[in-house]
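Read through the structure below, which is laid out as structure tokens, and then see the notes.
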Amino acid sequence: MSNKVLVVDDNPKNLQVVAALLTENNYVVEVALNGKTALKWLENTPFDAILLDVMMPEMDGFTTCELIKKNNACVNIPIIFLTARHDIESITDGFSKGGVDYITKPFNQQELLVRLKTHIELKESREKLLDLNGWLQSEVQKKTEELIVANKNLIKAYEELKMLDKAKNDFLNTISHELRTPLNGIVGSINLLNSFDHDTQVSEILALLETSVNNLEKYSYAALQISNLQLKGESQLSSNDVDLIPFVKSQVNTIHSKCQKKNLNLTFKINIPEANVNIDQALMSTAIVSLLESTLIYTNEGEIKVEISVNNDHAIIEIVDTGSLYAGTELKHFFNSVKNQNYQFERNHAIELYLARIIILLHNGELELSNRSDSKGAITIIKLPLVN
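Number 276 in the UniProt record's numbering belongs to position 276 of the sequence shown; there are no gaps in the numbering.
Pasting the structure below:
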């Protein structure tokens, strides 16, 4: 598409020469003999450039230029002055009125064409830049509005999740309380019944009831602890520095009599004088006892060995057995779910083991279960950061 140029000069001969030159070079040309006519043209016709004579009667080129620039639609049209005047004052005056260039008469045709082309290209570049900037601003505004909406939705979703978590926590607290109230009554009744003599069948039923009630109490406690720890995280910990050796030894002692009943040899081995860690003693006791109980339940022969050592900046507790039913089973993801659907033999204790994992992870520790290299048992490994 050809560029459109307005040529303004009070000399018809000059107009004819310039118009012919521009037409030959594929410009669309309109002419005006004075400033008023030029302003009329600009009311309804867009131009890509204006060649404007300075010395004109009634309204000179500087005044015409100033009036053109007051029209918002014409602000970006480049105006090139054509004049015989070349004093510094005239040149600076022309630039101050809004002109972009100054060509003295008689002009060189090639120079005029080059300058005209340059200023039209600059105008087009500015317009493209303005369009691009406008588009970018529009896109930024659009994305900003989308982000604001998305952020509001995220905040809303977060608040809803907080409410759901609180509701879940309140529900579990209520359920735990509601379970324990009747369970306490059942325990009392079982204890009362156990004070009387019964035949073997009744005694077995009472023992089964007592075991079931104890399991329900443990599950209720574990579910409540899992909910609290997942909801509140480390804020639930009441930690202090503890020497791990006597602490773990006291947990090992809780299964001593049970090991004797199963003819299992229980050993506790230490390779270091002390191992200080920062832990919540009540929660860590729950975790370690759960892991010991799990090992005990599924170890039918041989021994259970508990060993404490130090590796770099971690204390390591190893629970090793020689007859666990874990042997031969893929155990990589053993503690990762409260369901433990892949481990049929461990479903009944999954919630306690899952709680143990959460407790250890909250202490920035690690929990692993692996098969022994001789395939005669399993090794449970707990790693806890040492206190400097």
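All C-beta atoms, glycine included, are put in the ideal place defined by N, C-alpha and C.
- Excluding residues up to 5 positions away in sequence, N169 and Q236 lie with their Cβ nearer than 7 Å to the Cβ of N228 in the same chain.
- Around D165, the same chain offers L231 as residues with beta carbons nearer than 6 Å, after the five sequence neighbours per side are excluded.
- Per DSSP, reduced to three states, the secondary structure at F268 is strand.
- Judged by beta-carbon spacing, V310 lies beyond the 8 Å limit of G377, meaning their Cβ atoms are not closer than that value.
- The beta-bridge partner set that DSSP reports for L116 is empty.
- With fewer than 16 other CB atoms across the displayed protein chains lying within 10 angstroms of its CB, P246 is exposed.
- Only buried fits F81, as 16 or more other CB atoms lie within 10 angstroms of its CB.
- The secondary-structure analysis by DSSP pairs K383 across a beta bridge with I316 and E366.
- Relative to N71, the option among A222, A38, S90 and T83 whose CA is nearest is A38.
- E204 and E217 have their alpha carbons spaced roughly 20 Å apart.
- The criterion of a C-beta distance shorter than 8 Å is not satisfied by I317 and E293.
- Membership of V248 in the alpha helix (DSSP H) is indicated by the continuous run L244 to N253.
- Its Cα nearest to that of S2, the residue N26 stands out among L33, N26, Q16 and V17.
- The alpha helix (DSSP H) runs lying completely inside the segment 195 to 238 and spanning 4 residues or more are 200 to 232, given in chain order.
- Your pair I288 and C259 does not check out as a contact, with CB atoms roughly 15 Å apart and the cut at 8 Å.
- A buried status is given to D48, since no fewer than 16 other beta-carbon atoms sit within 10 Å of its beta-carbon.
- Per DSSP, F81 is one residue of the beta strand (DSSP E) stretching across I79 to T83.
- Per DSSP, the beta-bridge partners of N371 are A378.
- For L67, the enclosing alpha helix (DSSP H) stretches over residues G61 to K69.
- Less than 8 Å separates the beta-carbon of V18 from that of L51.
- Taking 8 Å as the upper bound for CB-CB distance, P78 and K143 are not in contact here, some 35 Å apart.
- Between V31 and L15, the gap from beta carbon to beta carbon is short of 8 Å.
- Across the set F196, G185, D197 and H314, the C-alpha of G185 shows the shortest separation from the C-alpha of N214.
- Between V54 and G98 the beta-carbon gap is near 13 Å, outside 8 Å, which marks them as no contact.
- According to the DSSP assignment, D53 belongs to the beta strand (DSSP E) that extends over A49 to D53.
- No Cβ-Cβ contact shorter than 8 Å links D243 with A222.
- Straight through space, the alpha carbons of Y102 and I91 are spaced by roughly 7 Å.
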